[in-house]
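Below is one structure, written out as structure tokens; the observations come after it.
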Amino acid sequence: MYNLYLVTLFSFLLHVTTYGQTVPSPQTASPTPIDLNERVRMLEENQRFSDQGLAKSVDDLLWYQKLGDVAIIDKVRYASKPPHVIKNPTGQGANNPVVIPAYTFVSRKFASSKKLPLLIFVHDGIHGDFSTLYAHVVRELLDQGYLILAPEYRGSVGYGGAFYNQIDYGDYENDDVLAGKRWAVENMPQVDADRVGIIGWSHGGMITLMNIFDHPEDYKVAYAGVPVTDIIARLGYKPASYRTIFSAATHIGKDPSDNVAEYRRRSPVWNAQKLKTPLLIHTNTNDEDVNVLEVESLINALKAHEKKFEYKIYQDAPGGHSFNRLDTKLARDSREEIYKFLAKYLTPPAAVK
335 MYNLYLVTLF SFLLHVTTYG QTVPSPQTAS PTPIDLNERV RMLEENQRFS DQGLAKSVDD
395 LLWYQKLGDV AIIDKVRYAS KPPHVIKNPT GQGANNPVVI PAYTFVSRKF ASSKKLPLLI
455 FVHDGIHGDF STLYAHVVRE LLDQGYLILA PEYRGSVGYG GAFYNQIDYG DYENDDVLAG
515 KRWAVENMPQ VDADRVGIIG WSHGGMITLM NIFDHPEDYK VAYAGVPVTD IIARLGYKPA
575 SYRTIFSAAT HIGKDPSDNV AEYRRRSPVW NAQKLKTPLL IHTNTNDEDV NVLEVESLIN
635 ALKAHEKKFE YKIYQDAPGG HSFNRLDTKL ARDSREEIYK FLAKYLTPPA AVK
């Protein structure tokens, strides 16, 4: 026991005398120096995702504060397609479906109604989320008697880096929204499966268009506000820093010059011939994000294919890209146009007259 004590003491003293020093070992190679720039980048990225998660948690609480008086609010999760890029295809659970969060809103005023129309509300932003900036629009829809499902498709912010980097611009995101629609029909007992519409602005408008083009049997009506419609044209008027995003694996993975067919496949303007669903489009000539030329190209393509649809091009409406999502008279009048159009096909119990 005494000898064991001496060995332990000697080991401790040796550790103390060498603390803070690098003791070379003939059996161990020196570690590779840490890339400090990469370490800083990773720390900053982790902090950014942490901040986004905190902001999302706060905004989730704000939904109840802003709409709790008129809505029964829930946040659900459902399964969609597996990731489009899998780092280790043979890893455990590598091909598991991506789990998609979504908000559901049920009007308290119509909570006892047997069947109600459903609106799939698609948020904007390549990396955006369904934030309370939409609360006033949701309130207006609830007052008319709509049920609402708002999916947080892959790439939405607030759910960590892994979910953020699952974005598949113009492809699997569309499937995430469709999976949400089908989940709602199966799991929300008040949903009238024959009265389902879809609406969205900007990137959400693009997803809306691709949903009705590829799955017309799922939707009775659609509204696309200032929608992205032609990715090729869009990259032509955006700066180089924006264009390089799309060649990353987390987006399309190739430059248009390397795979122009893929960019066409994901662009609504090149799918206009598929339209079968009643559609209303709004755009604005002074839009600082989605240039009006994109939406005009879609309008011309739909006309060329002799499709029936409605549209309105606002002339220099204040607010630019957000012109009819503001709290102004013009915005409210524009939204009333939307609501009247939707009501023709979805017949909510308290439709706007």
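Residue 504 in the numbering used here sits at position 170 of the sequence shown; the count goes up by one each step and never skips. A virtual CB, placed ideally from N, CA and C, is assigned to each residue, including glycine.
Task: Proximity of I565 and S536 at Cβ, strictly below 8 Å - done: No.
Task: For T438: DSSP bridge partner residues - done: BP columns for T438 point to D408 and L483.
- [ ] Please determine, among G538, Y487 and A428, the residue with the shortest C-alpha to C-alpha distance to Y437.
- [x] When the alpha-carbon of Y437 is set against those of G538, Y487 and A428, the nearest one is in Y487.
- [ ] Report yes or no: do the segment 408-417 and the segment 431-450 share at least 3 C-beta pairs separated by less than 8 Å?
- [x] Touching, per the Cβ criterion.
TODO: Below 8 Å on the Cβ atoms is my guess for D552 versus K608; work out the distance and round it to an integer in Å.
DONE: Contact flag wrong, Cβ pair sits at about 13 Å.
Task: Cβ neighbour criterion (16 or more within 10 Å) applied to T617 - done: With 16 or more other CB atoms across the displayed protein chains lying within 10 angstroms of its CB, T617 is buried.
TODO: Could you name the residues of the same chain whose beta carbon sits closer than 7 Å to that of H585, not counting the 5 residues immediately before and after it, in chain order?
DONE: Contacts found: I501, Y503 and I579.
- [ ] Spell out the partners DSSP gives I615 in its beta bridges.
- [x] According to DSSP, which records beta bridges pairwise, I615 is partnered with A558 and Y645.
Open item on the list: On the CB-based measure, 16 or more other CB atoms within 10 Å of its CB, does L680 come out buried or exposed?
Closed with: Buried: at least 16 other Cβ atoms inside 10 Å.
- [ ] Look up I501 in the DSSP assignment and say whether it is helix, strand or coil.
- [x] Three-state DSSP puts I501 in coil, outside helix and strand.
Task: Separation of I615 from D458, as counted between CA atoms - done: Straight-line Cα distance between these residues: approximately 15 Å.
Open item on the list: Suppose the cutoff is 7 Å on Cβ atoms and the five residues either side in sequence are ignored; what does the same chain contact list for S631 look like?
Closed with: Closer than 7 Å at the Cβ level, and outside the excluded window around S631, lie T563, D564, A567 and V603.
Open item on the list: Given this structure, state the Cα-to-Cα distance separating P590 from A574, to the nearest angstrom.
Closed with: One C-alpha to the other measures close to 13 Å.
TODO: For the alpha helix (DSSP H) holding D385, just list the boundary residues, first then last.
DONE: L370 to L401 is the extent of the alpha helix (DSSP H) around D385.
Task: For F444, the first and last residue of its enclosing beta strand (DSSP E) - done: First-last for F444: undefined, no H or E at that position.
- [ ] Count the other C-beta atoms from every protein chain shown that fall within 10 angstroms of the C-beta of I454, then say buried if there are 16 or more, exposed otherwise.
- [x] Under this definition I454 is a buried residue.
- [ ] Name the two residues that bound the continuous alpha helix (DSSP H) containing L609.
- [x] From DSSP, L609 is part of no alpha helix (DSSP H); its letter is neither H nor E.
Open item on the list: Please report the distance separating the alpha-carbon of D690 from that of K641.
Closed with: Outside the modelled stretch of the chain, which goes from 335 to 687, sits residue 690, for which no answer is possible.
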